[in-house]
Structures are given as C-alpha cells and as structure tokens.
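Chains as they are written, first to last, in my numbering: chain A, 9 to 204; chain B, 243 to 806.
These notes are about the structure you will find just below.
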Ligand SMILES: Cc1ncc(C[n+]2csc(CCOP(=O)(O)OP(=O)(O)O)c2C)c(N)n1
Ligand code: SF4
C-alpha cells in the first residue's frame with residue numbers, strides 16, 4: 009500500500025455508524041495495520057449528524073483526517089455526504105453514497121439526490137450512489153443493515169484495500185453473536201456477483 | 243468489554259482512550275472507582291459499571307464502583323478510600339472538576355495514602371458540552387496537582403499506570419487530563435497483566451496529615467510545594483513521558499507539543515517529509531524545565547502546538563529568557579485559542595514557520611458551496627416523556643390566556659435542554675447543572691415575584707446540585723414553579739442510574755430515594771407527582787401552581803423510553 013488509507017463515515021444518529029467504525033478498525037488490525045479512529049458521543053444519538061474517521065496504514069498518528077484528505081467517504085444518508093465534502097479532493101476522493109434521504113426536521117424541502125450528486129462530482133474523483141437502504145429493506149427487512157451492506161459493497165469492489173474475508177472476521181468480533189449471521193448475509197449480499 | 247478484561251498479556255487490541263484508562267487502572271490493581279457521568283469521560287464509568295455487573299469478574303478483581311451523586315462527592319469518596327489504603331480512580335468531565343474543585347485543592351495539601359488518580363476529560367470545540375469551553379490544565383497550577391496529558395489510547399493506559407505509581411510514591415493525587423479526541427480516539431493498545439487489588443482498607447488515624455487547620459495548613463502548603471519541586475527534578479525531568487524525537491536534518495526549527503496536538507504535528511511532518519526536532523511533553527505539571535531549556539537552546543525558532551490556552555507557550559517564553567533570549571517563539575499567533583485543533587490547522591502553522599507552500603485544493607469553493615444543507619438539530623426521541631411536559635405547559639398557558647412571552651423559562655443541562663430548540667422554544671437561560679432554581683429565585687426576588695417563571699430540572703441534576711437551591715428559594719421566600727423532569731435516569735450521558743433508582747453502580751439493589759420526600763423535607767408546600775401522560779391533570783396543575791404565592795414543584799414522572 010502506497011500510503012495511509014483514510015475513510016470518513018457520515019450519516020445520522022441511529023444508523024449504526026459507531027459499529028461500522030469498529031468493524032473497519034478491527035479489519036485493519038486483522039490485516040496487521042496500524043489504525044486509528046475518531047468518533048464523538050453525546051447528543052448525537054438523537055438524530056444529529058454523525059461523522060467518524062478511520063485511518064489505517066503503516067504508522068498512523070492523527071485520529072482525524074485532514075481537510076481534503078479522505079480516500080473514501082461513505083455516506084449513509086445522501087444529504088450528509090455534502091457535509092463531508094470538507095474532506096474531499098478531486099485527485100483522491102471517492103464517494104460511496106446511500107441513496108436514502110432522511111428529512112431534516114424543520115425544513116420542508118429536501119435537496120434532490122441528483123443535485124447533490126452533481127455537487128459531489130465537482131469536488132471528488134468519483135461518486136457512486138447505491139440504494140443500500142432500499143435493497144436491505146427489500147431483501148432483509150431491516151433498514152439499519154444499510155451500513156454493513158455498503159461496507160460489503162466497498163470491500164468487494166475493492167474500494168477499501170482490505171480483504172472481504174478480514175471484514176467477515178471483524179464483523180464476527182464486533183457484532184453481538186445473535187446478529188452475526190444476519191450481518192454476514194448482508195455483507196455478502198453486497199458482493200456485486202450476488203445482486204447485479 | 244471483553245477486550246478490556248482480556249487476560250492475554252501482550253495481546254494487541256483496539257481500545258478507545260477511555261477504555262484504555264480503565265485497562266490501565268485494572269493493570270494497577272485499582273480497588274475503588276467513583277464517577278459522575280459526563281461526555282467525553284462517560285465511557286470510563288460505563289465500562290466499570292459493566293464490569294461491576296459481571297458477578298464473575300468482580301469477586302476476582304476486588305473492585306468497587308459507584309456512580310456518586312456528583313463529582314465533588316465522587317472525589318471525596320475516592321479520597322476516603324485512598325486514605326484507607328485502596329488504590330482509587332475518580333473520573334469526570336471538565337465541568338465536574340469545577341464542582342469538585344473546592345475539595346480538590348485541599349486534598350492536594352493533605353495528600354493521599356495509596357495511589358489516587360483523577361481523570362478529567364476536556365472538550366475543546368464543545369462537541370458535547372453546552373456550557374463553556376474549558377482548559378482544565380488551569381487546575382494543575384491552581385491546585386498544584388501533578389498532571390499527565392496522554393495523546394493516544396496506549397498512552398492513556400501507560401500514563402494511568404504511571405500516575406498510580408507516582409501518586410503512591412509521593413502520596414499526592416495525580417491528574418490525567420484527556421481531551422475529546424484522546425478519550426474517543428481508538429487505536430492499538432498492547433495489554434499488560436491485570437492485577438488484583440489486594441489491600442483490605444483500614445483508616446489509620448493521622449490528624450497531622452488529614453486535619454487542615456491553621457497553623458498546620460500553611461505548613462502543608464510548604465510541604466506540597468516541596469513535593470512538587472521534588473517531582474519536577476526527580477520525575478518530570480527524567481520521565482519517558484517527555485521525549486524528544488531524533489534530531490536529524492533541520493536543527494533551526496523545533497516544535498514543542500503535547501496531547502493530541504502531538505499527533506497532528508507528527509502527521510504534518512510526515513506529509514511535508516520534514517524532520518524537525520519535536521519535544522513531546524506528557525508531563526504537563528510540573529513541566530521539565532531543564533529538558534525544555536536544553537531543547538530550545540540550540541534552535542532559532544520554536545512552534546508550540548497546543549490546544550486551547552497557551553500554558554506551555556507561556557512557560558517556554560519564560561524559560562527562553564535565560565536559555566535562549568533570541569529564540570523566535572510561535573504559538574497562539576498562528577494557532578487558535580478557541581475550538582479544537584485539527585490536522586489542517588497544524589499543517590498550516592508548520593507550513594508557515596518552515597516557509598512551505600500548502601495548498602488544500604478546492605477548499606474555498608467547498609466552503610462557499612451554494613447547496614447548503616441545514617444543520618440537523620438534535621430532537622427529543624419519538625415517545626420521549628418530555629414532549630408531554632412541553633406541550634402540557636403550552637396548553638396550560640393558552641388556557642390562562644398567557645403568552646409564552648409572559649413567562650420566563652429556566653433551563654438546565656440534560657435532554658430537557660432541547661426545550662430551547664424548535665418546535666418547543668421555551669428556554670430563556672441555560673447555565674450549569676444545579677443553577678436553574680438558584681437563578682429562578684434571583685429573578686423572582688428582583689421582580690417582586692411578579693414575573694411568572696417555570697424552571698426545568700432533571701432528576702439526576704436535582705440530586706447532583708439542585709437541592710440547596712430549592713431550599714434557598716423556600717427559605718428566602720420566592721415562588722418559582724419548578725418542574726422536576728423525572729425520567730428515572732441520567733439520560734443525556736447514556737442512561738446511568740442515580741440515587742432515585744433502586745440500583746447501584748455495582749448492580750445491587752438499594753433503597754430508592756424519593757424525590758418527593760426530599761422536596762417535602764425542603765419545606766415545599768405545593769407539590770404534586772404527576773405522570774404527564776395524564777395531560778388533563780398535568781395542565782390543570784400547571785395552571786393552578788402558576789398562581790401560587792410560594793414555591794411549587796411538579797414532579798413529572800414518566801420514564802425515558804430507554805428505561806426498561
Ligand atoms: C458538572 C457536570 N457534570 C456532568 C455534566 C454532564 N451532563 C450533562 S447533562 C447530564 C445528565 C443530566 O441528567 P438529568 O438531569 O436526569 O437529565 P436527562 O438527561 O435525563 O434529561 C450530565 C451528567 C455536566 N454538564 N456538568
Ligand atoms: S434519551 Fe430519553 S429523555 Fe432523552 S430524549 Fe430520548 S427519550 Fe427523552
């Protein structure tokens with residue numbers, strides 16, 4: 009690997025972002041990389057924006073990704089992707105966005121995804137929209153699995169330089185036993201050979 | 243949690259800074275832990291709470307854990323345990339240290355018997371603190387308490403262990419000061435051996451140590467300052483917590499830094515492929531004066547990278563006067579004093595002093611983006627009991643033909659401070675825990691009890707610091723309407739138990755302390771306990787109580803949806 013790999017996870021409280029952060033960190037550890045993450049706790053549980061940082065590589069100091077320093081931004085909600093633009097660069101950054109809008113309280117109009125996508129494209133290398141929430145809801149009945157689905161998508165499409173198998177080991181370590189099979193199923197469902 | 247308790251010595255696991263502190267305490271044979279919750283320190287107490295509820299573990303570890311009523315009580319209880327020979331850890335967020343400070347300052351005078359570590363978590367940038375941004379290192383000077391500032395989870399563990407040793411050796415409490423990005427940073431930690439706490443406590447009388455009274459008190463101060471001098475010369479100057487990176491190429495420019503700022507510094511040097519000498523200070527108080535002087539002697543420019551107040555910078559300026567008067571000193575002229583540092587802020591400062599170009603592409607365009615999405619303001623959970631309090635009050639006012647403008651709404655810290663946001667918008671002031679009823683009383687007095695006022699107080703907040711203010715309002719005769727938001731938990735910080743719940747930090751049953759009994763005992767005559775689910779009754783009572791001539795209290799008792 010040429011350099012450190014920097015991932016931003018964005019979304020809203022309740023989407024399981026802290027768990028996804030743990031899974032990513034454990035996956036990096038399994039592949040014997042140095043790893044750091046940063047998260048915030050507190051009021052965010054009640055529907056505020058959530059953003060976590062995951063960095064791995066040979067030797068990682070900062071828990072935070074610098075402005076314009078993300079390799080991959082995974083946004084579990086479409087509008088939240090815009091907030092993560094701060095970390096994006098034209099040269100390096102790829103956006104993986106859940107095509108899913110959670111209305112913002114107190115505002116009538118949500119921004120159309122198409123418009124958001126256009127903006128994201130201006131400032132990043134590539135933007136991919138995936139209807140993860142819709143897929144997991146249809147196939148597994150639970151919207152909250154969208155995050156694990158996106159992780160699977162990123163892993164199988166090699167958007168993250170870590171092996172799908174390591175992810176599965178990490179998922180087993182991180183999620184409670186009774187949910188492991190469901191998470192594994194979600195993760196592998198994201199293998200494009202399974203659903204495209 | 244399994245990771246925090248893992249018996250595999252040498253295993254590398256990923257821990258949060260706060261979890262690493264717990265592990266460090268367990269590897270030090272900690273026996274007594276007390277806390278009052280508060281982000282970003284909460285995971286320390288929460289992790290001990292989980293451990294304490296595992297019956298299998300607790301007997302092995304000889305560990306006692308409690309959620310105390312407030313931070314001052316937590317610190318006092320911890321001190322009592324340390325006076326009696328138990329290794330003690332007390333954890334709190336920065337505001338908690340303000341509450342505990344009266345006791346802290348004296349405690350450092352008397353000193354302790356066995357190792358006592360006080361963990362304090364600051365929150366630069368106020369990502370989870372409503373009231374103020376504070377640099378608790380001020381207390382290091384004010385109280386003369388030895389202070390360590392870890393940067394990584396590994397250091398959180400190592401420094402905690404070191405703090406126990408230091409505390410025990412010099413019989414002085416030691417502070418470990420974290421910030422949000424340390425406490426909630428996760429990284430790889432190499433585990434050591436968990437040590438079972440052994441000492442059975444016994445308080446051995448020693449009034450010479452534990453009774454502070456003039457003229458002894460000034461003697462104690464003298465002994466304290468002597469201890470600090472010794473710690474500085476014998477420990478801080480030699481401690482591996484203060485280290486200098488290898489000097490290789492550039493010998494003209496150096497950086498002095500500590501805590502998470504060190505990590506941003508190293509990242510920036512990596513990005514610029516620069517090899518500047520860096521002095522990382524893990525020991526904040528007392529600072530290793532000789533080491534710093536030696537470092538600044540041979541350089542021409544120094545940049546001090548620290549978050550919030552320029553405490554290290556001031557000291558470096560002082561030391562430079564005799565070590566290197568020509569030294570150019572940079573710090574807060576390039577770095578902000580408000581908010582947290584971030585990698586790009588440190589990058590810019592380093593670019594500046596090394597005359598390097600730094601271009602962060604698109605940054606201005608992104609900042610000026612037309613497509614702005616509004617802030618997601620936090621909301622009460624669907625089904626939260628507070629919805630019914632706020633709507634009930636609005637209905638009552640309407641029925642009384644009062645406008646919301648005619649009533650002052652006092653707020654306090656907790657989930658119920660969302661009263662200040664849309665759609666409720668009923669919060670006219672918000673300060674610290676326990677302040678609401680105190681302020682309410684003053685407003686009432688100043689307005690000759692004419693302006694109507696409703697003060698919200700959470701149940702945990704009421705126990706924490708509310709009671710003296712309520713007594714004051716009764717005794718000094720004002721008449722606010724107090725609504726105690728009894729959701730049966732300390733919700734905002736993660737649903738910890740409090741004295742109104744029949745369960746202790748050890749998971750044991752305990753007598754329920756009824757808020758209504760306390761309120762009555764404070765002399766309040768107008769009191770009603772209502773489940774606001776009964777809106778009719780609630781509205782009726784608000785209407786009635788707003789007319790009362792003496793203090794009125796409604797205990798709105800309905801559990802938070804997370805309470806089982
Ligand atoms: C001195 C101090 N300690 C801790 C905190 C952190 N804190 C903020 S809100 C809160 C909980 C308050 O609980 P409660 O009053 O029951 O209100 P709820 O969140 O349940 O509505 C705590 C502990 C603080 N702000 N100040
Ligand atoms: S956590 Fe509990 S008290 Fe806080 S908003 Fe949610 S339901 Fe209400």
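Where is the CB? At the ideal position from N, CA and C, for every residue including glycine.
Other residues of its chain near residue i: CB distance less than 8 Å, five sequence neighbours each side excluded
| i | result |
| --- | --- |
| residue 785/B | 638, 641, 642 |
| residue 758/B | 769, 771, 797 |
| residue 755/B | 705, 741, 742 |
| residue 248/B | 255, 433 |
| residue 125/A | 105, 135, 137 |
| residue 719/B | 792 |
Min CB distance residue i to chain B below 9 Å
| i | result |
| --- | --- |
| residue 161/A | no |
| residue 99/A | yes |
| residue 69/A | yes |
| residue 185/A | no |
| residue 152/A | no |
| residue 179/A | no |
| residue 21/A | yes |
| residue 158/A | no |
| residue 130/A | yes |
| residue 74/A | yes |
| residue 9/A | Confidence at residue 9/A is low in this model, with a pLDDT of 45, below 50, so its placement is unreliable and the value that follows should be read with caution. Cβ-Cβ to chain B under 9 Å: no for residue 9/A. |
| residue 24/A | no |
| residue 155/A | no |
| residue 82/A | no |
Within-9 Å CB hit, residue i to chain A
| i | result |
| --- | --- |
| residue 519/B | no |
| residue 777/B | no |
| residue 350/B | no |
| residue 833/B | Outside the displayed span of chain B (243 to 806) sits residue 833/B, for which this structure offers no information. |
| residue 278/B | no |
| residue 613/B | yes |
| residue 598/B | no |
| residue 361/B | no |
Contacting residues, own chain, Cβ-Cβ under 7 Å from residue i (five flanking each side not counted)
| i | result |
| --- | --- |
| residue 693/B | 650, 685 |
| residue 190/B | Outside the displayed range of chain B (243 to 806) lies residue 190/B, so it cannot be described from this structure. |
| residue 307/B | 275, 290, 291, 294, 747, 748 |
| residue 736/B | 279, 284, 288 |
Continuous beta strand (DSSP E) stretch holding residue i: start and end
| i | result |
| --- | --- |
| residue 103/A | 102-106 |
| residue 649/B | 649-653 |
| residue 45/A | 42-46 |
| residue 700/B | 694-700 |
| residue 113/A | Run containing residue 113/A: none; DSSP gives neither H nor E here. |
| residue 704/B | First-last for residue 704/B: undefined, no H or E at that position. |
| residue 728/B | 723-728 |
| residue 364/B | 358-364 |
| residue 59/A | 57-65 |
| residue 757/B | Residue 757/B -> not in any beta strand (DSSP E); alpha helix (DSSP H) instead, spanning 757-763. |
| residue 499/B | 495-499 |
Own chain, CB closer than 6 Å to residue i, minus 5 neighbours either side, in chain order
| i | result |
| --- | --- |
| residue 266/B | 399, 402, 403 |
| residue 332/B | 276, 316, 317, 320, 360 |
| residue 593/B | 600 |
| residue 389/B | 382, 417, 419, 526, 527 |
| residue 483/B | 524, 525 |
| residue 550/B | 366, 377 |
| residue 733/B | 657, 802 |
Element boundaries [alpha helix (DSSP H), containing residue i]
| i | result |
| --- | --- |
| residue 462/B | 458-472 |
| residue 83/A | Where residue 83/A is concerned, there is no enclosing alpha helix (DSSP H), although the beta strand (DSSP E) it sits in stretches over 80-83. |
| residue 787/B | 777-787 |
| residue 176/A | 172-182 |
| residue 260/B | 259-268 |
| residue 197/A | 185-197 |
| residue 350/B | 336-352 |
Residue i: CB within 8 Å of a non-hydrogen atom of ligand 3
| i | result |
| --- | --- |
| residue 363/B | Only ligand 1 and ligand 2 can be found as ligands here, which leaves ligand 3 out of the picture. |
Q: Kindly provide the chain-ordered list of residues whose Cβ lies closer than 6 Å to any non-hydrogen atom of ligand 2.
A: Proximity to ligand 2 was defined by a C-beta distance below 6 Å to any of its heavy atoms, and the residues meeting it, in sequence along the chain, are 54/A, 622/B, 623/B, 626/B, 628/B, 657/B, 729/B, 733/B, 802/B, 803/B, 804/B.
Q) Closer than 9 Å, Cβ to any Cβ of chain A: which residues of the region 283-305 of chain B, in chain order? A) 284, 285
Q.
Can you pull out the residues from the region 26-60 of chain A whose beta carbon lies closer than 7 Å to at least one beta carbon of chain B?
A. For the region 26-60 of chain A, which is checked against every Cβ of chain B, the residues closer than 7 Å are 33, 34, 37, 42, 43, 44, 45, 46, 47, 48, 49, 50, 51, 54, 55, 56, 57.
Q.
Please list, in chain order, the residues of the region 88-118 of chain A that have any C-beta partner in chain B closer than 9 Å.
A. 88, 90, 91, 93, 94, 96, 97, 98, 99, 110, 112, 113, 114, 115, 118
**Q.** Residues of the region 423-437 of chain B with Cβ closer than 8 Å to any Cβ of chain A, in chain order
**A.** 423, 426, 427, 428, 429, 430
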